[in-house]
């Protein structure tokens with residue numbers, strides 16, 4: 001098997017006396033969707049933040065594309081091809097859908113951003129933005145300011161933005177949260193599609209979606225990995241059942 | 001033409017037209033007022049880039065305004081005394097040529113702001129406000145305690161500096177110089193705010209985490225915006241000192257920083273011509289209220305309080321419904 | 001240079017620092033509890049000084065003057081909080097800066113209207129207007145010594161208030177979780193007014209105490225306010241301990257810098273250049289201190305990230 005694209009080794013992080021992340025190791029391989037699940041407070045967000053570079057680990061290392069990125073900042077990792085969505089949708093509220101996507105494309109260009117040529121009439125940016133908007137079926141909402149969009153639409157805009165980054169790996173933090181059943185069916189299709197662009201590390205509470213999408217599942221409880229395996233074997237795993245369903249020891 | 005474009009056209013036309021009428025009617029005082037508006041407006045346009053577009057609440061822009069003023073004062077005082085500014089490693093003479101003075105003011109403000117911003121931008125929010133205020137106060141006390149250029153008393157220049165081909169002592173000609181610089185800067189700002197950098201700057205104000213996650217170091221974006229903003233304010237400082245033929249530490253005082261913010265807010269924060277409208281209103285208030293009572297600042301305070309509490313968005317915000325989406 | 005002179009200057013620095021602390025404590029408390037940046041805090045300093053000077057002039061009693069300064073500043077604080085400040089808690093910092101800047105204009109100009117443009121003079125109370133002999137043969141003004149003691153007493157009183165009383169418990173709860181204490185039925189509006197008035201009273205006390213050492217005039221509060229900001233940046237927002245240590249650091253650095261730097265430069269420069277360099281550098285010293293703290297601890301010495 002190939003070297004993993006992204007690998008996390010022995011990562012620990014505590015807040016005061018609370019150990020939020022306890023020697024976690026996991027990896028992400030080409031072409032897969034790797035789901036990260038666990039009850040509330042298991043440390044999923046803490047882990048994602050460390051992988052994205054927003055939070056420094058106390059110990060352990062993170063490798064991405066064969067390079068140690070443990071000490072790199074968020075922006076540098078993003079530039080290497082690590083794209084992430086946030087638990088609470090994070091778009092630019094006063095920008096229109098189209099402006100948000102032009103922003104995503106402009107951010108990817110090399111060097112310090114130009115100060116002279118107009119961004120919104122630069123076809124190198126707008127054509128790409130319009131293409132992604134159309135691909136996600138948002139063309140009719142293109143001119144709407146993001147803060148006025150429905151929640152599920154804002155989610156989609158955020159996915160569109162990371163898609164526009166043409167990343168080497170996706171980090172998606174609960175993309176299904178609060179978008180309703182119809183929305184999550186659509187989102188499931190979208191995520192299945194994303195896998196063809198780059199592998200996905202998916203944090204999600206919606207178990208239907210997780211078991212439908214994931215190639216591998218890692219279960220995090222109290223900051224520790226208790227199991228990491230294929231969906232079928234995770235479903236049968238006694239420790240996981242105990243953590244989730246409170247089943248007594250058999 | 002939307003309402004904001006219309007309002008902008010009216011503002012610029014009035015600012016250009018009134019001094020011309022005053023010139024024909026022989027009212028030099030009105031021309032001086034208009035020049036003051038153009039210069040303070042220019043200083044505000046600079047601050048607006050950081051404050052309005054970048055969301056960087058700088059309470060220290062008077063430092064850059066003052067450094068621009070001192071760039072003029074120092075160069076011109078050496079020119080009028082025929083003494084060199086420096087003798088080593090090469091002899092640098094003073095000058096009374098406006099373009100050279102402007103360039104010096106812009107560079108000096110840029111350098112100072114680079115140092116201040118590099119430190120201040122390590123922090124956010126209320127820290128940033130206090131730190132920019134403190135650094136400006138440092139520049140203020142430095143100007144007071146440095147005796148070579150007048151210390152507390154400031155520096156006077158006998159004759160206004162020269163611009164090739166113009167008689168800058170003629171109020172209307174000096175106004176034309178200031179107004180032209182204002183318009184050029186406005187054009188430049190319009191390009192900058194519409195550019196990729198402008199887009200990133202506004203996104204950084206609204207959602208820095210997203211911009212970082214898109215692969216852009218927001219620190220650099222903010223730093224560049226702050227330095228650019230300071231440079232424009234520095235240029236305005238040089239013009240302001242030339243208008244008064246005088247520069248003193250009071251140009252760097254915290255009150256001046258406050259006035260610059262007030263100018264931006266009164267007009268409408270984040271709007272291209274907001275600072276010009278704000279400067280107009282500010283200078284008019286100062287003159288009208290100042291005519292009624294020596295204690296006009298009480299009324300200015302009351303007006304300002306009212307604007308903050310009840311009329312957010314300033315003059316242009318009230319005139320134009322909503323900010324145009326292409327910002 | 002005689003050691004006694006250095007000790008005397010160090011005591012002056014301590015006294016200066018203690019006064020800045022009275023300002024910084026109120027500011028940091030107000031920021032910690034209400035999340036508000038208050039530029040008008042210097043106006044309470046001025047209010048206290050004017051109230052003390054006017055009362056002392058009318059009654060001849062400095063103590064009555066001090067009581068008046070506390071009352072006037074606390075009343076001004078409570079009034080301003082109810083009339084203006086409480087509309088600003090939910091606003092962004094820019095709005096808070098502007099509104100409190102407007103308040104400075106109103107306070108300063110209003111005071112000038114009432115008292116005129118000439119400074120008032122407040123005499124050091126008779127009983128304290130003498131020097132005392134400190135161990136080591138140092139003659140030091142008793143009043144300044146008392147000011148230091150008063151300041152340190154207020155600092156400990158404040159610590160007791162915050163850590164040992166019901167009000168203090170609510171203040172600490174308000175810092176960490178606003179909704180929670182509102183849900184527990186604490187009158188949050190009243191709590192905020194109280195905190196604001198306490199902060200204002202501390203500033204007023206500082207103004208009155210300093211008023212006897214310098215002239216009482218419009219605009220006397222803002223330079224101290226800005227120093228208090230420097231202190232808060234150094235000490236960390238919301239930390240009373242940080243405010244105390246930062247204040248004393250700033251007071252000592254400033255006073256000793258002004259005293260020592262010109263003579264230090266005098267060792268290798270001619271006297272006039274030494275004075276120029278020395279005093280210019282001394283005026284920048286505390287800001288350099290602030291910059292150094294910022295480089296190593298962006299959240300201040302005692303601030304939390």
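Residue numbers (our numbering), protein chains in the order written: chain A, 1 to 250; chain B, 1 to 327; chain C, 1 to 305. We put the beta carbon where it would ideally sit given N, CA and C, even for glycine.
On the criterion of 16 or more Cβ atoms from any shown chain inside 10 Å, does residue i qualify as buried, or is it exposed?
i, result
"residue 297 of chain B", "buried"
"residue 196 of chain A", "exposed"
"residue 2 of chain B", "exposed"
"residue 96 of chain C", "buried"
"residue 275 of chain B", "buried"
"residue 23 of chain C", "buried"
"residue 215 of chain C", "exposed"
"residue 250 of chain A", "Note that residue 250 of chain A has pLDDT 45, beneath the 50 cutoff, so the model's placement of it is unreliable and the number below is only indicative. Exposed: under 16 other Cβ atoms inside 10 Å."
"residue 187 of chain C", "exposed"
"residue 71 of chain B", "buried"
"residue 45 of chain C", "buried"
"residue 150 of chain A", "exposed"
"residue 133 of chain C", "exposed"
"residue 134 of chain A", "exposed"
"residue 145 of chain B", "buried"
"residue 187 of chain A", "buried"
"residue 57 of chain A", "buried"
Just list the residues that DSSP pairs residue i with in beta bridges.
i, result
"residue 139 of chain C", "C/133"
"residue 34 of chain A", "A/201 and A/216"
"residue 62 of chain A", "A/8"
"residue 253 of chain A", "Beyond the ends of chain A as shown, which are 1 and 250, falls residue 253 of chain A; an answer cannot be given."
"residue 21 of chain A", "A/13"
"residue 61 of chain C", "Paired residues: none, contrary to the question."
"residue 92 of chain B", "B/86"
"residue 123 of chain C", "DSSP output for residue 123 of chain C lists no bridge partner at all."
"residue 96 of chain A", "A/145"
For residue i, which residues in the same chain have their Cβ closer than 6 Å to its Cβ, ignoring the five residues on either side in sequence?
i, result
"residue 76 of chain B", "96, 157 and 161"
"residue 166 of chain B", "173"
"residue 19 of chain A", "223"
"residue 144 of chain C", "15"
"residue 222 of chain C", "42"
"residue 84 of chain A", "52 and 171"
"residue 299 of chain B", "289"
Output needed for residue i: all residues of its chain with C-beta closer than 7 Å, excluding positions within five of it in sequence on either side, in chain order.
i, result
"residue 164 of chain C", "none"
"residue 252 of chain C", "10, 13, 14 and 17"
"residue 184 of chain A", "176, 206 and 209"
"residue 141 of chain C", "131"
"residue 4 of chain A", "27, 28 and 29"
Do you know whose CA, among the options, lies nearest residue i's CA?
i, options, result
"residue 18 of chain C", "C/196, C/66 and C/242", "C/242"
"residue 124 of chain C", "C/208, C/282 and C/183", "C/208"
"residue 301 of chain C", "C/192, C/247 and C/146", "C/247"
"residue 79 of chain C", "C/266, C/118, C/121 and C/103", "C/103"
"residue 306 of chain C", "B/141, B/63, B/182 and B/62", "Residue 306 of chain C is absent from the structure shown; chain C starts at 1 and stops at 305."
"residue 310 of chain B", "C/98, C/280 and C/20", "C/98"
"residue 38 of chain C", "C/254, C/27, C/76 and C/245", "C/27"
"residue 56 of chain B", "B/185, B/194, B/188 and B/123", "B/123"
"residue 229 of chain C", "B/145, B/138 and B/50", "B/138"
"residue 281 of chain C", "C/185, C/146 and C/263", "C/263"
"residue 297 of chain C", "B/119, B/78, B/112 and B/51", "B/119"
"residue 190 of chain C", "C/8, C/202, C/33 and C/260", "C/33"
Tell me which same chain residues have a C-beta within less than 8 Å of the C-beta of residue i, skipping the five on either side of it?
i, result
"residue 45 of chain A", "87, 173 and 203"
Along the stretch 80-93 of chain C, where does the CB come closer than 9 Å to a CB of chain B? Name the residues. 84, 87, 88, 91, 92 and 93
Can you list, in chain order, the residues of the stretch 41-57 of chain B whose Cβ is nearer than 9 Å to any Cβ on chain C? 51, 55 and 57
In chain order, what residues of the stretch 147-179 of chain B put their CB closer than 9 Å to some CB of chain C? 147 and 148
Relative to chain B, which residues along the stretch 11-32 of chain A have a C-beta separation below 9 Å, given in chain order? none
When you check each C-beta in the stretch 225-247 of chain B against every C-beta of chain A, which residues fall closer than 9 Å? 228
Compile a chain-ordered list of the residues in the stretch 276-293 of chain C whose CB is closer than 7 Å to at least one CB of chain B. 276, 279, 280, 283, 284, 287, 290 and 291
Chain-ordered residues of the stretch 162-195 of chain A with a beta carbon less than 7 Å from chain B: 165
Using Cβ-Cβ distances below 8 Å, what residues of the stretch 181-214 of chain B are close to chain A? 191, 192, 194, 195, 196, 197, 198, 199, 200, 202, 203, 206, 207, 209, 210, 211, 212, 213 and 214
Using Cβ-Cβ distances below 7 Å, what residues of the stretch 275-305 of chain B are close to chain C? 295, 297, 298, 300, 301, 302, 304 and 305
Which residues, taken in chain order from the stretch 60-76 of chain B, show a beta carbon closer than 7 Å to some beta carbon of chain C? none
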